[in-house]
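Just so we're aligned: 143 in this note's numbering is position 116 of the sequence shown, and the numbers increase by one with no gaps anywhere.
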Amino acid sequence: MSASVGKYVRSVVPYTGLGRLLPGAQFSDAYSVVVEADRLNAREAAERMLADAPRWIDALMAGRDRMMSPFGVKTAQAARSQGDTVGIFPIVGETARRIIVGLDDRHLDFRVIVDVAAVAQGRRVTATTIVRTHNRLGRIYLAAILPFHRLIVRTLLRRSAARPRPSLTPPA
């Protein structure tokens, strides 16, 4: 495997067709990383990203919940209670190569799309975020969280690439 596998998270152009996933979205971004893995589906990639987040991310999310709940914005706990989830995010759609998680709320709707594609060095995992705001609160919230969002997505992708591959052979 190349020395650059898992080392570099790159900003990439979000794929076309986002309008079908969240019509009217005003924001999108995408980041990708190459993961050393012979086999990796989209759910596994999303779980690698969203499992065991660093404490500083958990602390940011807890602070976000405390600050936003008085405005009627859904908390992480409320998001988890909406059925099948990956991390705190409800699953909106899923195939082997793509999983879409997200939430519709009173201030904004968002989707995080995790795509997996085979490349010579393993699998390229791309995380695309799209957001549609509904009101002033949504626009203010989006502007306030964007610097954190970019740092969090890059960190989670980098950590997912660094996670050891699960062994395909059972222990002896």
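Glycine is no exception: its CB is placed at the ideal position from the N, C-alpha and C atoms.
For Gly90, the enclosing alpha helix (DSSP H) stretches over residues Arg82 to Met95. Taking one beta carbon from each stretch, the region 67-81 and the region 110-117 have 3 or more pairs nearer than 8 Å; the two touch.
A Cβ-Cβ contact shorter than 8 Å links Val152 with Val62. In this structure, Val128 lies away from Val146, with their beta-carbon atoms at least 8 Å apart. Linking His134 to Leu169 through their CA atoms gives a straight-line distance of about 10 Å.
Under the three-state reduction of DSSP, Thr182 is assigned to helix. In this structure, the alpha-carbon of Leu48 lies about 25 Å from that of Met88.
Taking 8 Å as the cut-off, the Cβ atoms of Val60 and Ala144 do not count as close. Distance between Asp142 and Val100, taken at the CA atoms: about 28 Å. Note on Phe137: 16 or more other CB atoms within 10 angstroms of its CB, so buried under the neighbour-count rule. Residue nearest to Asn162 within the set Arg93, Phe98 and Tyr58 is Phe98 (criterion: CA-CA distance). In this structure, the straight-line span from the alpha carbon of Gln53 to that of Leu184 is close to 23 Å. The three-state reading of DSSP puts Tyr168 in helix, counting H, G and I together. Looking from the CA of Arg186, the closest CA among Met95, Asn68, Ala72 and Tyr42 belongs to Ala72. In the DSSP assignment, Tyr58 forms a beta bridge with Ser38 and Ala154. Distance between Gly165 and Ser38, taken at the CA atoms: about 24 Å.
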